[in-house]
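In case it helps, the working numbering puts the sequence shown at residues 35 to 292.
The C-beta atom is built at its ideal place from N, Cα and C for all residues, glycine as well.
Here is the structure we will look at.
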Amino acid sequence: MPSSSLMLVRDSDQGVQVFLMKRAQKSNFGGIWVFPGGILEKQDQEIATEDYCNGLCETEAKDVLSNDSESLPYWIASLRETFEETGALIANRNDNNVFIPTTIESQRLVELRSDLLHGKISFIFILDELKLKIALDRLVYVSHWITPKVETKRYTTRFFLAPLNEGFILTHDGIEGTDSKWFGIDEALRAHEVGTISLIMPTIKNLESISDFKNTEDLMRAKAIVKTEDIPAIEPKFFIKDGRWEGLLPGEQGYEDH
């Protein structure tokens with residue numbers, strides 16, 4: 035299933051921080067800490083027009099994703115899911131200024147988000163009411179992970195990176211996410227190592243890929259110049275060896291043997 039995920043980052047006194055949320059126990063990846071994201075929906079294709087999108091068109095998206103049939107909806111789904119799961123809406127006003135919600139708009143966003151989560155309205159309804167276009171050009175495509183064949187539910191997930199602009203206080207939705215926190219990159223990795231939180235391989239590797247940066251400006255600049263051909267699809271392989279599960283990534287010794 036096509037899906038997308040967004041690494042939201044911000045600057046802090048301790049360096050770059052990333053937003054992680056804990057999945058509800060009864061959801062996919064229950065109890066695991068993940069980036070906001072989810073599967074592509076029909077409405078993501080409906081949003082893929084100049085009326086609702088800024089900064090990227092379908093042709094440009096296909097060039098980035100090597101003509102993936104979905105293309106632009108990956109960007110859209112990552113922003114839609116991020117709003118649903120965190121309350122952050124990365125968008126521009128119709129005059130192309132960055133959307134920094136007023137106090138009244140912030141209050142209204144809380145109501146709209148609740149209605150969206152309960153299926154009363156669509157994401158397009160929110161964009162129409164607030165006269166917004168989602169800002170696709172603020173996202174940088176960073177990785178592509180495919181669920182291992184040993185899993186019954188399999189996803190092809192595109193990961194994106196974006197800095198969070200001012201005006202938003204992120205909160206988990208209490209439905210798919212039951213806890214959330216801004217982590218320092220090394221802080222999150224250490225928490226996983228000692229068992230405080232649980233992370234899956236794509237999250238770990240994506241965090242490791244941004245761990246050397248001291249601020250979001252340098253991070254975004256560096257990731258933006260990575261060539262698409264240097265972002266291969268990564269499909270881990272898991273197998274049982276001597277009674278224990280082991281995993282390998284492309285390029286690691288023995289990967290092609292399984």
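- CA-CA distance, F159 to I234, rounds to 34 Å.
- For A258, the uninterrupted alpha helix (DSSP H) run begins and ends at T250 to A258, by DSSP.
- In this structure, G71 and S37 form a Cβ contact; the two beta carbons are roughly 6 Å apart against a cut-off of 8 Å.
- Within the region 85-149, the complete alpha helix (DSSP H) runs of at least 4 residues fall at 92-98 and 106-120.
- With fewer than 16 neighbouring CB atoms inside 10 Å of its own CB, K60 falls in the exposed class.
- Straight-line measurement puts the Cα of V174 at about 6 Å from the Cα of A258.
- Our two residues, V43 and G211, have alpha carbons roughly 18 Å apart in a direct line.
- Taking C-beta atoms under 8 Å as the contact rule, N199 and K165 fail to qualify, at a distance of about 17 Å.
- Secondary-structure assignment with DSSP links H178 through a beta bridge to R192 and A267.
- A straight-line Cα-Cα distance of about 6 Å links K248 and V50.
- For L54, the enclosing beta strand (DSSP E) covers residues G49 to R57.
- Take E280, set aside five residues on each side of it, and the residues of its chain with a beta-carbon closer than 8 Å to its own are F272, F273 and I274, in chain order.
- Its Cα nearest to that of D207, the residue H152 stands out among F157, R172, K239 and H152.
- Taking a contact as a CB-CB distance under 8 Å, the pair L195 and N88 does not count as one, their CB atoms being some 18 Å apart.
- Fully enclosed alpha helix (DSSP H) runs of no fewer than 4 residues occupy 157-164 of the region 147-174, in order along the chain.
- S177 and K261 have their alpha carbons spaced roughly 11 Å apart.
- Per DSSP, reduced to three states, the secondary structure at L204 is coil, with no helix or strand assignment.
- Nearest Cα to V144 within the set F202, R192 and K215: F202.
- Under the 10 Å beta carbon count, S39 is surrounded by 16 or more other beta carbons and is classified as buried.
- In this structure, the straight-line span from the alpha carbon of E269 to that of C91 is close to 28 Å.
- Membership of S39 in the beta strand (DSSP E) is indicated by the continuous run P36 to S46.
- Relative to the Cα of T237, the nearest Cα in the group I73, E290 and F193 belongs to F193.
- If you check the CB distance, F69 and S214 do not come in under 8 Å.
- H226 and N130 have their C-alpha atoms roughly 40 Å apart.
- With a contact defined as Cβ atoms closer than 8 Å, I168 and I110 qualify at about 7 Å.
- Scanning D252, L161 and A267 for the CA closest to the CA of A82 turns up L161.
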